[in-house]
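Since the structure comes first, as structure tokens, the remarks are kept for the end.
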Amino acid sequence: DTEVTQTPKHLVMGMTNKKSLKCEQHMGHRAMYWYKQKAKKPPELMFVYSYEKLSINESVPSRFSPECPNSSLLNLHLHALQPEDSALYLCASSRLNEQFFGPGTRLTVL
Amino acid sequence: GESVGLHLPTLSVQEGDNSIINCAYSNSASDYFIWYKQESGKGPQFIIDIRSNMDKRQGQRVTVLLNKTVKHLSLQIAATQPGDSAVYFCAENFRAGGTSYGKLTFGQGTILTVHP
Chain A
1 DTEVTQTPKH
11 LVMGMTNKKS
21 LKCEQHMGHR
31 AMYWYKQKAK
41 KPPELMFVYS
51 YEKLSINESV
61 PSRFSPECPN
71 SSLLNLHLHA
81 LQPEDSALYL
91 CASSRLNEQF
101 FGPGTRLTVL
Chain B
1 GESVGLHLPT
11 LSVQEGDNSI
21 INCAYSNSAS
31 DYFIWYKQES
41 GKGPQFIIDI
51 RSNMDKRQGQ
61 RVTVLLNKTV
71 KHLSLQIAAT
81 QPGDSAVYFC
91 AENFRAGGTS
101 YGKLTFGQGT
111 ILTVHP
């Protein structure tokens, strides 16, 4: 298995909702990442997990809460989001340098 | 701060032509560079990479050139096909010693359009 999967593909939520994005990989990678990508812009790093521990938080607002339950799974919990948080959320994993990306979750906040 | 940028935001070519996409980077400590292809509605797809101790690497129809003197990276696509139409991002990776992860910084992207 050489892919990163993400669910759901699309998500529409209100500003008072709580939702979660999920990411899974079975390549044995010990580093996993969350990126945010706005339209016509490059991906921007949000969080890095290494060996299931949070290693980097790029000053992301607390309404985004990452979780790494085990070495294959990565979640992003969402609460009280703003319309400007609407974007494509990408998950990636890596062994060392080469990062493999999932297809992303297209999030719309109403 | 450190950044990776592209000279040309769009590139239009005819099918069969060779394409060259350029990228400038500024972090001299970056040790690994990657080109990604992103099609509409999809995540970035790895194309080719190069380490900082190399100046050229070839793949299938693609070649990456690295000029550390001027901090310049390029992606050459031979015999470009309509299926190559996408946004292309360069990314520089910095991995601190002893860590298992890298920190990618992406360039702004180039839109490649291939006309039949």
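Keeping their order, the protein sequence lines are chains A and B. Under this note's numbering, the final residue of the first sequence carries the number 110; numbering is consecutive throughout. Under this note's numbering, the final residue of the second sequence carries the number 116; numbering is consecutive throughout. Built from N, CA and C at the ideal position, the CB exists for glycine as well.
Closer than 9 Å at the beta carbon, the chain A residues around residue i
i, result
"D49/B", "N97, E98"
"G32/B", "The amino acid at residue 32/B is misidentified as Gly; the sequence shows Tyr. By Cβ distance, chain A contributes L96, N97, E98."
Residue j beta carbon less than 8 Å from that of residue i
i, j, result
"A87/A", "L74/A", "no"
"R61/B", "I50/B", "no"
"Y88/B", "T69/B", "no"
"T80/B", "N18/B", "yes"
Residues that DSSP places opposite residue i in a beta bridge
i, result
"S12/B", "T113/B"
"T108/A", "V12/A"
Whole-Å CB distance - residue i paired with residue j, under 8 Å assumed
i, j, result
"L73/B", "C90/B", "5 Å"
"L11/A", "K18/A", "At roughly 12 Å, the Cβ-Cβ gap does not stay under 8 Å, so L11/A and K18/A are not in contact."
Range of the contiguous beta strand (DSSP E) that encloses residue i
i, result
"N75/A", "73-79"
"S20/A", "18-25"
"T7/A", "4-7"
"E52/A", "Taken as a continuous stretch (DSSP letters only), E52/A belongs to no beta strand (DSSP E), as it is neither H nor E."
Beta-carbon neighbours of residue i, restricted to chain A and to distances below 8 Å
i, result
"Q108/B", "K41, P42"
Interface partners of residue i on chain B, CB under 7 Å
i, result
"A31/A", "S100, Y101"
"S59/A", "In chain order: nothing, as chain B lies at least about 13 Å away."
"G104/A", "G43"
"L45/A", "K103, L104"
Per-residue contacts from residue i into chain B (C-beta, under 8 Å)
i, result
"V48/A", "Y101, K103"
"S55/A", "T99, Y101"
Cross-chain neighbours of residue i in chain A, by beta carbon under 7 Å
i, result
"N93/B", "N97"
Within chain B, the residues that residue i reaches when beta carbons sit closer than 9 Å
i, result
"Y89/A", "Ordered by position in chain B, no residue passes the 9 Å Cβ test against Y89/A, which lies about 10 Å from the chain."
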